[in-house]
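Trainee: I have a structure I would like to understand better, so I am pasting it below and will then ask my questions one at a time.
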Amino acid sequence: MENLPERQNPHAHLRASDTDRDQVVEVLRDALMSGRLSQEEHSERLEQTLNARTLGELEPITVDLAIPGQPFRPATAVPAPATGRVPIEEPANGQDSFEFVVAIFGGSERKGRWRVKRRTNALALFGGTDLDMTNAVFEGREVTVYAFAIFGGIDIVVPPGVEIRNQGIGIMGGYGVSGGQGEIDPTAPVVVLKGLALFGGVGAKVFKPKKSKRKDQLED
Numbered sequence: 023m024e025n026l027p028e029r030q031n032p033h034a035h036l037r038a039s040d041t042d043r044d045q046v047v048e049v050l051r052d053a054l055m056s057g058r059l060s061q062e063e064h065s066e067r068l069e070q071t072l073n074a075r076t077l078g079e080l081e082p083i084t085v086d087l088a089i090p091g092q093p094f095r096p097a098t099a100v101p102a103p104a105t106g107r108v109p110i111e112e113p114a115n116g117q118d119s120f121e122f123v124v125a126i127f128g129g130s131e132r133k134g135r136w137r138v139k140r141r142t143n144a145l146a147l148f149g150g151t152d153l154d155m156t157n158a159v160f161e162g163r164e165v166t167v168y169a170f171a172i173f174g175g176i177d178i179v180v181p182p183g184v185e186i187r188n189q190g191i192g193i194m195g196g197y198g199v200s201g202g203q204g205e206i207d208p209t210a211p212v213v214v215l216k217g218l219a220l221f222g223g224v225g226a227k228v229f230k231p232k233k234s235k236r237k238d239q240l241e242d
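Okay, so the sequence shown: first residue is 23 according to the numbering used here, each after it adds one.
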């Protein structure tokens, strides 16, 4: 039998962890800040990073950014909390990072200094749910909200700089992002919306501080 070609990276087939993806995100952030990547290139590579499932898919993303003699390697420890404007604190056990928020013929809300899990399941059935993430702590650089509004409504507010990716579906209802997203902070987390609005609505927006009347008068 002929010898098979040796695999260049014997770990390429291994599944990537959130910590591995976070390490790549940090490299991309530094490259953007130093001018080695344009905003468009950074956004494209960031999306590839968040969608990567194996170490082999992650490695090419930073191959031309790595410092000579220091190629990308899988992370072995949980990184220190991010220093961006939006706090990110990853839990010790990522498998426990999920939450259910339910409103049936009533209302429910999350606001203030609460922890946004990597996966949040929200259901509004003949009721309403408010998820205000303005002052929240995120448990991952990418969090997913599965929002289902059936004859009800779900409102989601994220801090400035956070990117919202809408992948939900509206059937005889609305499912979307309002008001535009503004400037996206590369150090901030990404909120992915998935789910269904059936005879109801799921709406997300970026928090925008209101200008005081005195400030408006001075600007005029």
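All residues carry an ideal CB built from backbone N, CA and C; glycine is no exception. Predicted model only: the values in this text are computed from it and were never measured.
1) Between which two residues does the beta strand (DSSP E) holding Ala210 run?
2) So, Asp207 versus Val179, is the Cβ gap smaller than 7 Å?
3) Go ahead and pull the three-state DSSP assignment for Ala171.
4) According to the neighbour-count rule (16 or more other Cβ atoms, all chains shown, within 10 Å of its Cβ), is Asp42 buried or exposed?
5) Could you check the C-alpha separation between Arg132 and Leu77 for me, to the nearest Å?
6) Would you say the stretch 122-130 touches the stretch 215-232, given that touching needs at least three Cβ pairs under 8 Å?
7) Kindly indicate which three-state DSSP category Ser130 falls into: helix, strand or coil?
8) CB Leu215 to CB Gly196, shorter than 7 Å?
9) Taking just the CA atoms, how far does Leu220 sit from Pro101?
10) For Val85, which of helix, strand or coil comes out of DSSP?
Mentor: Quick look at the numbers:
1) Ala210 -> no beta strand (DSSP E), and no H or E assigned at all.
2) no
3) In this structure, Ala171 counts as strand in the three-state DSSP scheme.
4) buried
5) 35 Å
6) no
7) DSSP, reduced to helix, strand and coil, places Ser130 within a strand of the structure shown.
8) In terms of Cβ geometry, Leu215 and Gly196 do not form a close pair [threshold 7 Å].
9) Here Pro101 scores only 43 on pLDDT, less than 50, and its place in the model is too uncertain to base an answer on.
10) coil
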